[in-house]
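What follows is a set of notes on a single structure, which appears directly below.
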């Protein structure tokens, strides 16, 4: 039996060597145009056998690839060289090597480009664009016996999706018609397109951009009475500069959106800040003023001066930095003080890095920032339409269920209500009481039931009653009156008041603008705004807040 096994093994080894020799001869016949393509072809050969090849030596006219198990005895290697030519760069070809993996423990490590060209990956994404990364990795392992890392598969999926769903360049001509029809069909919606074609190269850089160049995507995010984020307006601008950041809110204000009545937060972008300098001044502008020098300690005094409620508090700044005091004094108080905004204007729990593009575009096959301008805006119009209907449907359900506050507002209220047992209330009159936590009775808050105010900023900034005002009516067994402390914006009646549906136009209504060249992507400064233009929180009576965000969009 033993000699038979040796003979069988020797026969298999001979067949393997012959197959490797034939494969090597086939590789030698191939001609490749450049070194990168040649290396990729050899790595594909190794990947087909479930192995990994690496370049260990290179020059202008040669490459040497080995198996990544070469250090433990695997003799697999391939030599590449380039033909010499006087007239043009010569083609690359295989000069020799050994394709037999002996004593090899190498495992395949597919590159992004290898996954992009893999029929398993492309087929799965073409059939179902929502296929998860884990599912793609498992499917590749099952069909090709190759295990890919998740982060490489993620990059490959992005590339394949962009390639599969890349829009037709001629569709850019339909964009003005698309937005015009959308505005015509839906009352209260603003769309605007600026297209400029110029022959001068300097101007063209501002007005046109080639495929793949970065374009500024500006998004304004609002919050409704159910504490749900909503994209209020979106725009594409050719560059991220002062003019475009000033243009975006000016169009929103012109459309009747009351940004001046609510706080507007922005990400940490100096250009965006600069476009608002006529409305607000802060420490950032002091740093750019050569007459003012602030230390880290003095910056804290400036912040305190901005929120000062008395002249005595403001004078503290003069003691540490007179130049800063003069600087602030020369600016009208309404443009520099934070106190009216922080202490009297509801902020609704905003975070300045709150960005919801990924959440609102989960249903799309491709991320909007990777789309062409026409597909980009058509996708966002679809998002707006779906959101409007969902809000309308939810509003009807809540009215039928006889809800008073919206569900998320009710949840926050119940969370505050559950902790009121830990508070003690002492009345000074029928309408005024002082509330403190039992474990810290010295830290008291003043509650005025007549004006529904509390010295704690939680209620002021969120318009949802905190522990102190809730505990006060409960002391008098007035549970129902505690709900009256909530802001009107959180009521279902207010949520339902300005709800409406949107409709996107049909494709056969669009007409192409032949003045737009399909060879270059026209940089359009465009705004699409939701139909609830009466308020930034998309409720008719809500004095809410909005969040201005910036992100790069590659088109």
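Numbering (full-length UniProt numbering), first residue to last: 1 to 555. Think of the CB as a built atom: it goes at the ideal place given N, C-alpha and C, for glycine as much as any other residue. Keep in mind the model is a prediction, meaning the values are calculated, not measured.
Indicate the three-state DSSP secondary structure (helix, strand or coil) for residue i in the structure shown.
i: residue 92; result: strand
i: residue 74; result: coil
i: residue 60; result: coil
i: residue 422; result: helix
i: residue 524; result: Confidence at residue 524 is low in this model, with a pLDDT of 45, below 50, so the placement of that residue should be treated as unreliable; the coordinate-derived value is given next. Note: residue 524 maps to coil in three-state DSSP.
i: residue 117; result: coil
i: residue 201; result: Unreliable placement is indicated for residue 201, whose pLDDT of 24 sits below 50; no coordinate value is reported for it.
i: residue 371; result: coil
i: residue 161; result: helix
i: residue 486; result: coil
i: residue 39; result: helix
i: residue 7; result: Only weak support is given to the placement of residue 7: the predicted model assigns it a pLDDT of 44, under 50, and the question is left unresolved by the model.
i: residue 144; result: helix
i: residue 173; result: helix
i: residue 454; result: strand
i: residue 239; result: coil
i: residue 431; result: coil
i: residue 297; result: helix
i: residue 27; result: helix
i: residue 109; result: coil
i: residue 412; result: helix
i: residue 441; result: strand
i: residue 102; result: coil
By a C-beta neighbour count over all protein chains shown, 10 Å radius and 16 as the cutoff for buried, is residue i buried or exposed?
i: residue 375; result: buried
i: residue 312; result: exposed
i: residue 97; result: buried
i: residue 142; result: exposed
i: residue 127; result: exposed
i: residue 395; result: buried
i: residue 181; result: buried
i: residue 94; result: buried
i: residue 156; result: buried
i: residue 248; result: buried
i: residue 292; result: buried
i: residue 193; result: buried
i: residue 187; result: exposed
i: residue 191; result: buried
i: residue 435; result: buried
i: residue 378; result: buried
i: residue 530; result: Here residue 530 scores only 48 on pLDDT, less than 50, and its place in the model should not be relied on; the value that follows carries that caveat. Flag for residue 530 reads buried.
Closest to residue i by CA distance: which of the options is it?
i: residue 112; options: 453, 47, 458, 495; result: 47
i: residue 257; options: 189, 299, 119; result: 189
i: residue 583; options: 231, 117, 225; result: There is no way to answer for residue 583, as the model of the chain reaches only from 1 to 555.
i: residue 49; options: 35, 37, 76, 58; result: 76
i: residue 486; options: 468, 500, 381; result: 468
i: residue 405; options: 36, 78, 224; result: 224
i: residue 383; options: 503, 304, 183, 314; result: 503
i: residue 226; options: 192, 252, 41, 488; result: 488
i: residue 68; options: 79, 191, 55; result: 55
i: residue 72; options: 29, 101, 473, 30; result: 101
i: residue 91; options: 373, 39, 254; result: 39
i: residue 387; options: 331, 229, 423, 70; result: 229
i: residue 331; options: 305, 310, 316; result: 305
i: residue 473; options: 425, 444, 440; result: 425
i: residue 413; options: 471, 399, 448; result: 471
i: residue 30; options: 447, 58, 83; result: 83
i: residue 74; options: 250, 104, 99, 60; result: 104
i: residue 25; options: 43, 33, 99; result: 99
i: residue 117; options: 300, 159, 23; result: 159
i: residue 497; options: 399, 244, 442; result: 399
i: residue 429; options: 411, 449, 106, 415; result: 449
i: residue 70; options: 134, 107, 326; result: 107
i: residue 629; options: 240, 492, 239, 252; result: Outside the displayed range of the chain (1 to 555) lies residue 629, so it cannot be described from this structure.
Round the Cβ separation of residue i and residue j to the nearest angstrom and send it over; I've been treating them as touching at under 8 Å.
i: residue 409; j: residue 464; result: 6 Å
i: residue 294; j: residue 324; result: 6 Å
i: residue 380; j: residue 501; result: The Cβ separation is near 16 Å, so there is no contact.
i: residue 513; j: residue 176; result: 5 Å
i: residue 153; j: residue 115; result: 6 Å
i: residue 62; j: residue 41; result: About 15 Å; that fails the 8 Å criterion.
i: residue 109; j: residue 52; result: 5 Å
Based on the DSSP secondary-structure assignment, which residues constitute the bridge partners of residue i?
i: residue 376; result: Partner(s): none; residue 376 has no beta bridge.
i: residue 326; result: The partner list for residue 326 (beta bridge, DSSP) is empty, contrary to what the question assumes.
i: residue 55; result: 65
i: residue 32; result: 92
i: residue 97; result: 78
i: residue 448; result: 432, 453
i: residue 491; result: 405
Against chain E, does residue i count as a neighbour if the rule is that its beta carbon must be under 8 Å from one of theirs?
i: residue 443; result: Protein chains in the displayed structure number just one, and chain E is not present.
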